[in-house]
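The sequence shown begins at 8 in this note's numbering and counts up one residue at a time. Just so it is clear, CB atoms sit at the ideal spot from N, CA and C, and this is done for glycine as well.
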Amino acid sequence: KEPTFVKWASEAPDGFVYSLKGNRFVTNRRVLGEAGESMMRFLGSGVAALGEKLGPILWQFAPTKKFDPDDFEAFLKLLPEKQDGVALRHALEVRNDSFVVPEFAALARKYKAAIVYADHAKYPDIADITADFVYARLQTGSDDNPDCYTPKGLDEWAARVKTWAQGKQPADLRRADPATDAPVKPRDVFVYFITEGKVRAPFGAMALMKRVDQGQPVP
């Protein structure tokens with residue numbers, strides 16, 4: 008509801024942005040091109056009230072949803088660039104191996120939507136840069152680790168984040184379309200830690216931020 012978004016915007020400090028997750032009724036359907044009404048209902052619920060504090064909107068697809076170029080492009084055509092005058096940034100989290108093809112990366116690039124990089128035990132990892140920002144969900148950490156990931160793992164992710172922020176592509180991450188490089192330019196990077204117990208994830212985020220802020224620049 009709009010009053011909730013207004014409240015969030017008033018409570019957040021300068022420079023803070025909220026990342027939202029799109030309603031599942033938009034993405035969990037057989038024909039994605041028929042999602043327009045549900046999408047407009049979600050986007051029209053008041054998200055624009057966040058103004059400059061509105062971050063990326065995550066559209067998460069079911070693991071059973073397979074890549075169909077025509078079907079998926081019909082969905083991408085529905086994504087508006089603005090809502091009530093507020094610019095929107097869209098992130099696509101696909102969870103089926105059929106999306107690991109150059110055609111998917113090309114579509115995301117065409118519509119300036121970011122492909123979510125998922126560090127996950129089961130779902131595909133796709134590191135193609137297709138938008139002016141990067142969105143990553145780190146999900147192989149453990150609540151048994153004080154900082155969610157091991158120190159070595161955090162060091163590796165800090166290096167990748169800095170590479171992304173500089174507009175470059177981490178060499179050790181898989182791409183669906185390795186033959187196409189994104190323009191090298193600075194980008195915002197959004198990284199989220201997700202664990203089943205949700206206990207150590209915040210500590211992982213803080214440990215990563217410390218490494219990114221204090222670590223040595225990536226060559």
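Query                                                                                            : Result
Delimiting residues of the alpha helix (DSSP H) encompassing D78                                 : P76 to L85
Burial state of D179, where buried means 16 or more other Cβ atoms lie within 10 Å               : exposed
Extent of the continuous alpha helix (DSSP H) to which G160 belongs                              : P158 to A172
Where L99 falls: helix, strand or coil (DSSP)                                                    : strand
Span of the beta strand (DSSP E), counted from its first residue to its last, around P63         : L61 to Q67
S52 versus F79: straight-line alpha-carbon distance, rounded                                     : 24 Å
Helix, strand or coil at R144 [DSSP, three-state]                                                : strand
Sequence-distant residues of its chain with Cβ nearer than 7 Å to D150 (five each side left out) : T202, G204, V206 and R207
Local Cβ density within 10 Å of S17, reported as buried at 16 or more and exposed below that     : exposed
Span of the beta strand (DSSP E), counted from its first residue to its last, around S2          : The requested residue 2 is not part of the displayed model; the chain covers only 8 to 226.
Beta-carbon proximity check, R116 vs A69, cutoff 8 Å                                             : no
Three-state secondary structure assigned by DSSP to V196                                         : strand
A56 and E88 closer than 8 Å at C-beta                                                            : no
Length of the line joining the Cα atoms of D162 and E41                                          : 43 Å
Separation of Y142 from V24, as counted between CA atoms                                         : 13 Å
Residue nearest to F49 in terms of C-alpha spacing, selected from F210, I64, T157 and V108       : I64
Three or more C-beta pairs below 8 Å linking the region 180-190 and the region 106-120           : yes
Integer-rounded CB distance, given that Q173 should sit under 8 Å from P193                      : 6 Å
Euclidean distance between Cα positions of G58 and E100                                          : 24 Å
K5 to D220 span [Cα, whole Å]                                                                    : Here the chain covers residues 8 to 226 and nothing more, so residue 5 does not appear.
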